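So the structure is just underneath, and the comments pick up after that.
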Amino acid sequence: MNPTTAAVRAGLRRGVIELRNTFSNAQDLWNYFFPTAALLTAMFFMRGSTVPGTSFSLGARTLPSALGMGLAFGGMLVLASQLVIEREDGTLLRAKATPNGMLGYLIGKITLMSTVALVSMGLQLLPALLFLDGLRVTSATAWLTLLAVAVLGLIATLPMGAVLGALIENPRNLGLVMLPTMGLIALSGIFYPINSYPGWLQAVAQIFPIYWLGLGMRSALLPDSMAAVELGGSWRHLETLGVLGAWAVLGLVLAPVVLRRMARRESGSRVAARRERAMQRIG
Numbered sequence: 001m002n003p004t005t006a007a008v009r010a011g012l013r014r015g016v017i018e019l020r021n022t023f024s025n026a027q028d029l030w031n032y033f034f035p036t037a038a039l040l041t042a043m044f045f046m047r048g049s050t051v052p053g054t055s056f057s058l059g060a061r062t063l064p065s066a067l068g069m070g071l072a073f074g075g076m077l078v079l080a081s082q083l084v085i086e087r088e089d090g091t092l093l094r095a096k097a098t099p100n101g102m103l104g105y106l107i108g109k110i111t112l113m114s115t116v117a118l119v120s121m122g123l124q125l126l127p128a129l130l131f132l133d134g135l136r137v138t139s140a141t142a143w144l145t146l147l148a149v150a151v152l153g154l155i156a157t158l159p160m161g162a163v164l165g166a167l168i169e170n171p172r173n174l175g176l177v178m179l180p181t182m183g184l185i186a187l188s189g190i191f192y193p194i195n196s197y198p199g200w201l202q203a204v205a206q207i208f209p210i211y212w213l214g215l216g217m218r219s220a221l222l223p224d225s226m227a228a229v230e231l232g233g234s235w236r237h238l239e240t241l242g243v244l245g246a247w248a249v250l251g252l253v254l255a256p257v258v259l260r261r262m263a264r265r266e267s268g269s270r271v272a273a274r275r276e277r278a279m280q281r282i283g
């Protein structure tokens, strides 16, 4: 068997095993359930408010935006945090020691994170349909658009999450990424249209994938009339495809280079030093 094919198969098996472990772990299940419950609670109380200038529910408008936010958050920050933690505990060093082990490791993580992200989307969307009106859920086109945006969003964010995880060596430094990401979420029209923002803030929001993931999800689930409250008065499908595609290409180009560099630097002494620093922090 081709070594690359063997690594891909091993990575898929690893991903399935990690999925089984995470869905049978009470702590992991709570980590999935709590954000979903918090989001649905917020949507429930927002259902009576309306998008400015319309009679459409602000809760229904926010839900697809939040689905896009969840994809970006999971693709970048969750994957980055797992890479940082598993580099510190020696998991990545063990993967490096096997032929094509890093490839198998990354495929396993991508399998895990993609499945968790899609399951989380379903857990958020389906209950919300019970109390939010106006979402396009009877159209096959809407579901196909939703799936296409989700897949493209994962391709755009997962490689960048791997890059971030490779660049951050200390788990405590994850906050340096978390805080700017929270700021981008606030700027990206997830919870409120950004039309009233200054032009330069609108420009900053449109550089990053979070805004476009939210817009793509809104284009799938909201009626066409709601495009009027978006920038430019349309769903801008081509721009969404272009920006998310550009981030995907950038991530796919950078990730292998950065990860190879990280793997070359890994050694038993570096792992031991990290463990010692971790024990000192705990002590």
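In full-length UniProt numbering, the protein residues as written are 1 to 283. Note that the Cβ used here is the ideal one computed from N, Cα and C, for glycine as well. Nothing here was measured: the structure is a model prediction, and the numbers come from that model.
By the neighbour-count criterion, in which 16 or more other beta carbons inside 10 Å mark a residue as buried, P64 falls on the buried side.
DSSP places T138 in the coil class of the three-state scheme, outside both helix and strand.
Check the Cα spacing between T157 and each of Y197, L174, P180, S114: the tightest is with S114. Rounded to whole angstroms, the separation of the alpha carbons of W235 and A227 is 6 Å. Annotation: A162 to L125 spans about 27 Å, alpha carbon to alpha carbon. In the structure shown, S57 adopts extended strand secondary structure according to DSSP, grouped into three states.
In the same chain as L252, and ignoring 5 residues on each side of it, the C-beta atoms closer than 7 Å to its own belong to P159, in chain order. Taking 9 Å as the cut-off, the beta carbon of A66 is found no closer than this to the beta carbon of R136. With fewer than 16 other Cβ atoms inside 10 Å of its own Cβ, M182 counts as exposed. In this structure the region 144-157 does not lie against the region 91-106, because fewer than three pairs of beta carbons, one per stretch, are closer than 8 Å. Annotation for N21: the continuous alpha helix (DSSP H) segment containing it runs 3-22.
Within the DSSP secondary-structure output, T50 pairs in a beta bridge with S57. In terms of Cβ geometry, F73 and G59 do not form a close pair [threshold 9 Å].
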